[in-house]
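Worksheet: the structure to be examined is printed underneath.
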Amino acid sequence: MLADSIDAFTFRTNTAKLNRDSNIFDGNDFGQRKMQDAESELRSSFGDDEISFLFSCNYCVCFVDIIGSTRITAGIDDPNRIRQYYSMFFSKIGQIARRFDARIIKIAGDCLICYFPKTADPANNSAFKDVLECGCAMIAAHDGINFELNVMNLPSLEYRISADYGRVEIAKSATSRTEDLFGSTMNLCAKINRMAAQNGMVIGGDLYQIVKAFSFNDFSFEDIGGYDIGLKHFYPVYSVIAKKRDNISGSGRDSIIPPSPRQTMHGSEILRRLHFAKNNNNNNSPSKPIIAAAGHTSNSTNVMVVDDEQDMLLTFKEFLRLEGHRAEVFVNPQEALKRYREVNPSYYGLIILDIRMPGMNGLQLYQRLKAINSNINVLFISALDAADELCSIFSGILPHNVIRKPVLREQFIHRVELCLAGHEQH
1 MLADSIDAFT
11 FRTNTAKLNR
21 DSNIFDGNDF
31 GQRKMQDAES
41 ELRSSFGDDE
51 ISFLFSCNYC
61 VCFVDIIGST
71 RITAGIDDPN
81 RIRQYYSMFF
91 SKIGQIARRF
101 DARIIKIAGD
111 CLICYFPKTA
121 DPANNSAFKD
131 VLECGCAMIA
141 AHDGINFELN
151 VMNLPSLEYR
161 ISADYGRVEI
171 AKSATSRTED
181 LFGSTMNLCA
191 KINRMAAQNG
201 MVIGGDLYQI
211 VKAFSFNDFS
221 FEDIGGYDIG
231 LKHFYPVYSV
241 IAKKRDNISG
251 SGRDSIIPPS
261 PRQTMHGSEI
271 LRRLHFAKNN
281 NNNNSPSKPI
291 IAAAGHTSNS
301 TNVMVVDDEQ
311 DMLLTFKEFL
321 RLEGHRAEVF
331 VNPQEALKRY
341 REVNPSYYGL
351 IILDIRMPGM
361 NGLQLYQRLK
371 AINSNINVLF
381 ISALDAADEL
391 CSIFSGILPH
401 NVIRKPVLRE
411 QFIHRVELCL
421 AGHEQH
């Protein structure tokens with residue numbers, strides 16, 4: 001949709017790219033005339049005195065496009081809800097872009113367009129690394145964005161990211177406080193966006209040549225073919241793969257990319273360290289053990305744990321067992337709901353729910369369980385700092401009823417104890 005709005009520059013794209021890649025013909029003069037014609041057309045559209053072309057420069061540009069938003073929003077009847085849907089997404093993506101020194105140009109339909117002023121210097125290593133890290137940070141924010149949409153009872157979304165580097169024409173209208181960018185680089189970046197995988201990022205061949213020369217160790221690139229620019233010539237396109245997502249950091253940036261338990265430590269490794277700590281503590285410390293001995297105690301509680309990650313289930317079950325609690329774990333929310341219906345509502349002293357699960361997420365499961373037992377005691381586990389949102393949505397949910405991944409044992413047990421103690425007081 002966005003690409004069609006700047007097709008006035010398509011011929012200039014073809015001639016410029018062909019001239020650079022081969023000696024078929026020199027399109028500079030004709031391309032320049034096409035740009036002048038396009039400028040005249042734009043001026044006639046806005047009025048002679050309302051638009052000015054300021055200068056041209058080489059920049060890295062980026063397009064973030066929501067996939068299938070027209071179909072998704074067609075199912076939302078309330079216009080205010082549609083505005084919330086777009087506003088939340090563009091707000092989050094814009095926030096990430098600005099943290100990597102990008103400048104937002106505009107939002108066109110379901111696409112956010114930005115550029116990176118510091119890439120005007122092609123030797124600026126950190127500026128081009130920011131482009132890649134910004135794109136990967138936007139990808140990493142996918143789960144968090146959809147979590148917030150889910151909390152707002154809005155549908156989830158997917159998106160694609162494309163970036164490229166090249167000469168752009170900077171223009172500004174009298175009615176706009178920000179500049180706009182035009183040219184073949186914008187045109188190509190819009191068109192290659194569709195070649196990106198869902199929640200993935202691609203870059204054009206011009207940008208690839210620069211970042212390849214910098215030899216960034218944190219990223220790898222896969223040639224996914226080319227975009228047809230006509231006359232049997234194809235513009236190369238590459239997908240971007242972040243080797244380590246936790247490398248995407250910087251001042252204030254790590255907070256928008258919460259680490260995943262899969263990226264920290266698997267359950268089996270946690271258990272190995274737990275047992276080592278237990279044995280080491282028993283042998284060397286006369287004080288209270290870090291990990292309580294397993295077995296039934298007077299404070300033993302039945303706990304249901306629901307998480308779609310087997311490693312995390314194993315870990316949480318062992319944490320609880322070592323504290324003397326009896327844990328029943330479920331990887332399937334439907335099976336957990338079925339089991340809860342079979343027992344006395346007071347059988348489980350605590351329900352531990354991962355928020356993001358396929359099929360039925362933790363929030364939906366909580367609502368169904370609460371319909372059976374309004375006095376349910378719950379501990380939500382989230383990859384985001386979601387305590388404030390949950391407390392504002394669900395009555396009876398307090399900050400200690402939410403814990404953020406990755407979860408350390410001491411934090412987990414402390415939060416379990418707070419939930420159990422708080423529930424007993426009611």
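Residue numbers (the numbering used here): 1 to 426.
From the three backbone atoms N, C-alpha and C, an ideal C-beta is built for every residue, glycine too.
Pairwise C-alpha distance: residue j and residue i
{"i": "residue 228", "j": "residue 167", "result": "20 Å"}
{"i": "residue 351", "j": "residue 340", "result": "10 Å"}
{"i": "residue 417", "j": "residue 59", "result": "54 Å"}
{"i": "residue 430", "j": "residue 376", "result": "Here the chain has residues from 1 to 426 only, and residue 430 is not among them."}
{"i": "residue 169", "j": "residue 186", "result": "9 Å"}
{"i": "residue 419", "j": "residue 87", "result": "35 Å"}
{"i": "residue 45", "j": "residue 183", "result": "Confidence is the limiting factor: at residue 45 the pLDDT is only 45, short of 50, which leaves the residue's position unreliable, though a coordinate-based value still follows. If I take the Cα positions, the gap works out to 17 Å."}
{"i": "residue 237", "j": "residue 224", "result": "6 Å"}
{"i": "residue 140", "j": "residue 79", "result": "29 Å"}
{"i": "residue 150", "j": "residue 198", "result": "19 Å"}
{"i": "residue 129", "j": "residue 162", "result": "15 Å"}
{"i": "residue 239", "j": "residue 171", "result": "30 Å"}
{"i": "residue 369", "j": "residue 394", "result": "13 Å"}
{"i": "residue 145", "j": "residue 331", "result": "24 Å"}
{"i": "residue 22", "j": "residue 230", "result": "Caution is warranted here: a pLDDT of 37 is assigned to residue 22, below 50, making its placement in the model unreliable, and the coordinate value is therefore given only provisionally. Using only the alpha carbons, I get a separation of about 13 Å."}
{"i": "residue 9", "j": "residue 98", "result": "With a pLDDT of 37 at residue 9, under the threshold of 50, the modelled position of that residue is not reliable, and the figure given next carries that caveat. Cα to Cα, residue 9 sits roughly 28 Å from residue 98."}
{"i": "residue 209", "j": "residue 226", "result": "14 Å"}
{"i": "residue 501", "j": "residue 303", "result": "Nothing in the structure corresponds to residue 501, since the chain is present only between 1 and 426."}
{"i": "residue 372", "j": "residue 396", "result": "16 Å"}
{"i": "residue 323", "j": "residue 313", "result": "16 Å"}
{"i": "residue 333", "j": "residue 77", "result": "29 Å"}
{"i": "residue 367", "j": "residue 378", "result": "11 Å"}
{"i": "residue 103", "j": "residue 300", "result": "56 Å"}
{"i": "residue 383", "j": "residue 309", "result": "13 Å"}
{"i": "residue 306", "j": "residue 329", "result": "6 Å"}
{"i": "residue 232", "j": "residue 406", "result": "50 Å"}
{"i": "residue 137", "j": "residue 327", "result": "36 Å"}
{"i": "residue 403", "j": "residue 381", "result": "5 Å"}
Residue burial classification, residue i (beta-carbon count within 10 angstroms, cutoff 16)
{"i": "residue 117", "result": "exposed"}
{"i": "residue 409", "result": "buried"}
{"i": "residue 73", "result": "buried"}
{"i": "residue 346", "result": "exposed"}
{"i": "residue 279", "result": "With a pLDDT of 43 at residue 279, under the threshold of 50, the modelled position of that residue is not reliable, and the figure given next carries that caveat. By the neighbour-count rule (16 or more Cβ atoms within 10 Å), residue 279 is not buried but exposed."}
{"i": "residue 325", "result": "buried"}
{"i": "residue 81", "result": "exposed"}
{"i": "residue 109", "result": "exposed"}
{"i": "residue 135", "result": "buried"}
{"i": "residue 338", "result": "exposed"}
{"i": "residue 132", "result": "buried"}
{"i": "residue 212", "result": "exposed"}
{"i": "residue 335", "result": "exposed"}
{"i": "residue 421", "result": "exposed"}
{"i": "residue 399", "result": "exposed"}
{"i": "residue 359", "result": "exposed"}
{"i": "residue 235", "result": "buried"}
{"i": "residue 105", "result": "buried"}
{"i": "residue 362", "result": "buried"}
{"i": "residue 200", "result": "buried"}
{"i": "residue 241", "result": "exposed"}
{"i": "residue 374", "result": "exposed"}
{"i": "residue 344", "result": "exposed"}
{"i": "residue 70", "result": "exposed"}
{"i": "residue 194", "result": "exposed"}
One or two residues paired with residue i in a DSSP bridge
{"i": "residue 236", "result": "226"}
{"i": "residue 58", "result": "167"}
{"i": "residue 341", "result": "Answer by DSSP bridge pairing: none, since residue 341 is not bridged."}
{"i": "residue 304", "result": "328 and 351"}
{"i": "residue 219", "result": "242"}
{"i": "residue 161", "result": "64 and 201"}
{"i": "residue 182", "result": "169"}
{"i": "residue 103", "result": "115"}
Below-9 Å beta-carbon distance, residue i vs any chain D residue
{"i": "residue 364", "result": "The structure shown contains no chain D; it is built from a single protein chain."}
>> Taking contact to mean 3 or more Cβ pairs, one atom from each stretch, closer than 8 Å, check whether the segment 86–100 and the segment 192–207 are in contact.
In response: Counting Cβ pairs under 8 Å, fewer than three are found: no touch.
> Given 8 Å as the limit, is there contact between the segment 63–70 and the segment 178–198, that is, 3 or more CB pairs closer than that?
Replying inline: Yes: the two stretches touch, three or more of their Cβ pairs being nearer than 8 Å.
> Is the segment 125–134 touching the segment 146–157, taking contact as three or more C-beta pairs under 8 Å?
Replying inline: Touching, no.
> Quick check: the segment 315–325 against the segment 402–420, are there 3 or more CB pairs under 8 Å?
Replying inline: As far as the Cβ criterion goes, the segment 315–325 touches the segment 402–420, which means the pair count is three or higher.
>> Give the list of continuous beta strand (DSSP E) stretches no shorter than 3 residues that lie fully inside the segment 342–406.
In response: Here the runs fully enclosed are 350–354, 378–382 and 402–404.
>> In chain order, what are the residue ranges of uninterrupted alpha helix (DSSP H) at least 4 long that sit wholly in the segment 105–140?
In response: Counting only runs of 4 or more, we get 125–140.
> Touch check for the segment 218–226 and the segment 99–115: three-plus C-beta pairs under 8 Å?
Replying inline: In this structure the segment 218–226 does not touch the segment 99–115; the number of beta carbon pairs closer than 8 Å is below three.
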